[in-house]
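Colleague: The structure that follows is given in the form of structure tokens.
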Amino acid sequence: MRIREFKDVLEDVTDHDADPEGWRAVAGDRAGGVGEDMYLAHPGAGVFFLKTYAKNPFEVHGVGTRVARSLDDEIGSFLPERESGGRFAVQSPPEDEAHAESVAKRLETVVETHADAPTTPEDFFDDVMDALESPAFGPMAYDQYDRPDELDSLADRFDEAEKLLSEELDDLIEADEVDRGFM
20 MRIREFKDVL EDVTDHDADP EGWRAVAGDR AGGVGEDMYL AHPGAGVFFL KTYAKNPFEV
80 HGVGTRVARS LDDEIGSFLP ERESGGRFAV QSPPEDEAHA ESVAKRLETV VETHADAPTT
140 PEDFFDDVMD ALESPAFGPM AYDQYDRPDE LDSLADRFDE AEKLLSEELD DLIEADEVDR
200 GFM
């Protein structure tokens, strides 16, 4: 297992040739300490595990790794299906001004089309992500105040990665002095 900066792991996700709509995620508070845990998974790309924290409102740091090369039924059972309600997306910036204008025109068309026709929030989200050329998006189970049960189940399955990434993240938090309170 190779532990890397979380942005490098997300780059692997965005560079992967997998169907963008096939991704699923689960995330929530870290079990012990500052930060959040997130699993991203795709049947053709595998399972990725990230641990992050906000150093300040403008800067996120973290670590991650690929914990499985494929997504089997057991691991998949802990990830949300399309109907879960929550959504996530991983975005890449436009390559240049011409690309940005092209994406903006497609997005405008999608918004106009959905404004004139009956649609579901899921379909609107999917069409917006297609227009933005999002390399990874899909359903997400997320709890901003706690940990979803599925997150604990996945941590149990990947306990070695949980321990190693926690140690690495704790080192980053200590180096950034984020674990100190204010008086």
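Numbering (this note's numbering), first residue to last: 20 to 202. Quick reminder that beta carbons are idealized off the backbone N, C-alpha and C, glycines included.
#1: Which ranges would you report for the beta strand (DSSP E) in the region 87-144 if only whole runs of at least 3 residues count?
#2: Just verifying my parser: in three-state terms, what is the DSSP assignment at L183?
#3: Of all the options D135, F107, E196 and D34, which has the alpha carbon lying nearest to the alpha carbon of Y58?
#4: Provide the residue span of the alpha helix (DSSP H) that contains E169, from first to last.
#5: Could you tell me which uninterrupted beta strand (DSSP E) segments, each at least 3 residues in length, are contained entirely in the region 24-56, listed from first to last along the chain?
#6: Would you call the region 75-84 and the region 110-124 touching, i.e. three or more CB-CB distances under 8 Å?
#7: Keeping to the same chain, check which residues put their C-beta closer than 6 Å to that of T33; ignore five residues upstream and five downstream.
#8: A160 and E169 look like a contact to me (Cβ under 8 Å); what is the Cβ gap, rounded to whole Å?
#9: H118: buried (16+ other C-beta within 10 angstroms of its C-beta) or exposed?
#10: In the DSSP assignment, find the beta strand (DSSP E) that holds F77 and state where it starts and stops.
Modeller: Walking through what the data contain:
#1: Counting only runs of 3 or more, we get 106-109.
#2: Helix.
#3: Ranking D135, F107, E196 and D34 by Cα distance to Y58 puts F107 first.
#4: Residues D168 to R176.
#5: Within the region 24-56, the complete beta strand (DSSP E) runs of at least 3 residues are 43-48.
#6: The region 75-84 vs the region 110-124: no contact.
#7: Counting only residues of its own chain and dropping the five nearest sequence neighbours on each side, T33 has a CB closer than 6 Å to the CB of V109, S111 and P154.
#8: A160 to E169, Cβ: 6 Å. Contact.
#9: Taking every protein chain shown into account, the CB of H118 has fewer than 16 other CB atoms within 10 angstroms, so this residue is exposed.
#10: From DSSP, F77 is part of no beta strand (DSSP E); its letter is neither H nor E.
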